[in-house]
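When we follow our numbering, the leftmost residue of the sequence shown carries the number 362, and every step to the right adds one. Ideal Cβ placement from N, Cα and C applies to all residues, glycine included. Read the structure below first, then the notes.
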Amino acid sequence: MTNTVPGRIGVSAVAAPLKRRRRSRWASATGIVAVVGVAALLIVAIIGPPVWTEAATARNIADRWATAGPEHLFGTDDIGRDIFARVMVATRLSLLLTAGATAILIGGGLLIGLTA
């Protein structure tokens with residue numbers, strides 16, 4: 362006696378295997394958003410310091426605590442420095458610190474794992 366697939370007459374379970382198509386993780390909407398986000402961070406980290414370094418360090422006491430607007434997207438701090446420019450310049454340091462911490466933790470984990 363052969364097993365049959367319910368709903369199909371005369372087709373055995375062996376003859377009609379389930380075909381599952383694996384979707385790539387990057388083909389989903391979430392994967393695309395993640396790739397675009399990481400790419401945007403890397404682009405800002407590469408072009409941020411050369412483009413915004415002067416604006417990030419320039420002091421303008423007359424523009425102290427300026428609110429967000431077309432000249433200063435995030436406003437200014439207590440000595441008139443543009444907060445948006447400072448964030449763009451600091452992105453590189455943040456990514457480098459993250460990569461360094463990850464490398465140290467991977468190295469430590471490998472060392473512990475290999476000696477265990």
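Query: Starting from Thr437, follow its DSSP beta bridges and name the residues at the other end.; Result: Asp443
Query: Figure out for me which residue from Leu475, His433, Ala406, Arg453 has the closest Cα to the Cα of Ala419.; Result: His433
Query: Are there 16 or more other CB atoms within 10 angstroms of the CB of Thr437, so buried, or fewer, so exposed?; Result: buried
Query: Using the three-state DSSP reduction, which class does Thr385 fall into: helix, strand or coil?; Result: The sequence as given places Ser at residue 385; Thr does not occur at that position. Coil.
Query: Tell whether a beta-carbon distance below 8 Å holds between Met449 and Trp413.; Result: yes
Query: Per DSSP, what kind of secondary structure is Ala419 in: helix, strand or coil?; Result: coil
Query: Is the distance from the Cβ of Arg453 to the Cβ of Ala417 below 8 Å?; Result: no
Query: Note down the Cα distance separating Phe445 from Asn421, rounded to an integer number of angstroms.; Result: 15 Å
Query: Helix, strand or coil for Thr463? Go by DSSP, reduced to three states.; Result: helix
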